[in-house]
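Read through the structure below, which is laid out as structure tokens, and then see the notes.
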Amino acid sequence: MPNILYALDFDGVICDSALETGLTAWNAAQVIWPDIPKGTAPDGIIEQFRAVRPQLETGYEAPLIIRLLYTGVSVETLVSDYMPLLDALIRSDHLDKAELKQVFGAVRDQWIQSDEKEWLQMNPLFEGVRDKLQGLGNSTWYLITTKQERFAKRILENNQVDIPAQRIYGLDRQLNKQQVLERLIEVHPDDEIIFVEDRLPTLTAMEANPALHKVRRQLVDWGYNTAESRASVNGSGIELISPEQFLQGAACNTLP
54 MPNILYALDF
64 DGVICDSALE
74 TGLTAWNAAQ
84 VIWPDIPKGT
94 APDGIIEQFR
104 AVRPQLETGY
114 EAPLIIRLLY
124 TGVSVETLVS
134 DYMPLLDALI
144 RSDHLDKAEL
154 KQVFGAVRDQ
164 WIQSDEKEWL
174 QMNPLFEGVR
184 DKLQGLGNST
194 WYLITTKQER
204 FAKRILENNQ
214 VDIPAQRIYG
224 LDRQLNKQQV
234 LERLIEVHPD
244 DEIIFVEDRL
254 PTLTAMEANP
264 ALHKVRRQLV
274 DWGYNTAESR
284 ASVNGSGIEL
294 ISPEQFLQGA
304 ACNTLP
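To get our numbering, take the position in the sequence shown, counting from 1, and add 53.
Written out as structure tokens, the structure reads:
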């Protein structure tokens, strides 16, 4: 029986970071667009951000979401026409994705430097996840995230979850999730790889990559997805899992 190797997404699977992401995005938007007022976000805009959050794939998109909401684009319009609206904003305002990533990360670093305790409180782990990760012991698992690695590692450290830095594949590696999974298959050819994710499009996109057909795909029924996404999983080859099923079988996967 092969060992099970878990490849876990971070935001939406392990960490409930929507509030912190929205607040960081508001502060980053103040840097990018001078007409956005300084200070706290207007009433309702962070809740609107939460409603759009299932569409977000990479952190640099968050200030763009805030900008569009601030200028009056409705949640419904933004959800239904997400990437075209973001791409149009990038073009019209002559923005650069690399610079957006840099600004977003720098604003987050600033928050940590000024009040790390508050920042960590805004990044709680989902209920029960901490105990499950701590229970992995010496089991082999990896983190695959679009977050910058230092942020994910600090949040895990704060929750007494230990993972070597080389097992965190984040934004800094400049690899997409499919490329990371291909690399894990090369490194662990005899293991059964289970990829746990909260974004259905990320999982369905894997179907077009023959190199990943051996990877088991699991969509969590919490995190940043919608009821429609969860309902569409039936018959797709993607497993829908509950918190109780998360890391099921990991206890018997401890390495010597």
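Every residue, glycine too, gets a C-beta built ideally from N, C-alpha and C. Keep in mind that this is a model prediction, so the values were computed, not measured.
Uninterrupted alpha helix (DSSP H) stretches inside the segment 211-242 (no shorter than 4 residues): 230-240
Anticipated Cβ contact below 8 angstroms, LEU72 with ILE99, distance rounded: 7 angstroms
Under 7 angstroms from any heavy atom of the ligand FMN, does the C-beta of TRP86 make it? Of the ligands one can find in the structure shown there are none, so the ligand FMN has no counterpart to examine.
Exposure label - LYS206; buried when at least 16 CB within 10 Å: buried
What is the DSSP secondary structure of PHE179, counted as helix, strand or coil? coil
Report the rounded CA-to-CA distance for ASN56 versus GLU245, giving the unit in angstroms. 6 angstroms
To the nearest angstrom, how far is it from the Cα of VAL214 to the Cα of LEU265? 28 angstroms
Quick one: measure Cβ to Cβ for LEU61 and LEU178, integer angstroms, because I've assumed they're closer than 8 angstroms. About 12 angstroms; that fails the 8 angstroms criterion.
Buried versus exposed call for ASP251 [16 or more other C-beta atoms within 10 Å across all chains shown]: buried
Of all the options GLN83, GLN231 and ASN278, which has the alpha carbon lying nearest to the alpha carbon of LEU109? ASN278
Contacting residues, own chain, Cβ-Cβ under 6 angstroms from VAL66 (five flanking each side not counted): VAL249, ASP251, VAL273 and GLY276
Measure from the alpha carbon of GLN227 to the alpha carbon of each residue in LYS150, ASP140 and ASP64, then state which is nearest. LYS150
Return the chain-ordered list of same chain residues with a C-beta closer than 7 angstroms to the C-beta of ALA304, the five sequence neighbours on each side being excluded. Any reading at ALA304 must be qualified, since the residue scores a pLDDT of 45, below 50, and its modelled position is unreliable; the value itself is stated next. Excluding residues within five positions, the ones whose Cβ falls inside 7 angstroms are GLY188.
For the candidate residues HIS241, ILE165 and VAL182, whose alpha-carbon lies nearest to that of GLN174? ILE165
Under three-state DSSP, which class holds ILE197? strand
Cβ pair count under 8 angstroms reaching 3, the segment 127-136 against the segment 289-301: no
Count the other CB atoms, across all protein chains shown, that sit within 10 Å of the CB of GLY223; report buried if there are 16 or more and exposed otherwise. buried
Under 8 angstroms between C-beta atoms, does SER289 make it to chain B? No chain B appears in this structure, which consists of one protein chain only.
Since ILE208 and CYS68 are thought to touch, with beta carbons under 8 angstroms apart, how far apart are those beta carbons, to the nearest angstrom? 6 angstroms
Taking the C-alpha atoms as reference points, what is the distance between ASP88 and ARG236? 44 angstroms
Within the same chain, show all residues whose beta-carbon is closer than 8 angstroms to that of THR257, passing over the 5 residues directly before and after it, in chain order. SER289 and ILE291
CA-CA distance, THR199 and GLY112? 7 angstroms
The alpha helix (DSSP H) with ILE57 in it runs from where to where? ILE57 -> not in any alpha helix (DSSP H); beta strand (DSSP E) instead, spanning 57-61.
Cβ neighbour criterion (16 or more within 10 Å) applied to ASP134: exposed
For PRO242, which option in GLN201, LYS230, GLN219 and VAL268 has the closest C-alpha, if you only look at C-alpha atoms? VAL268
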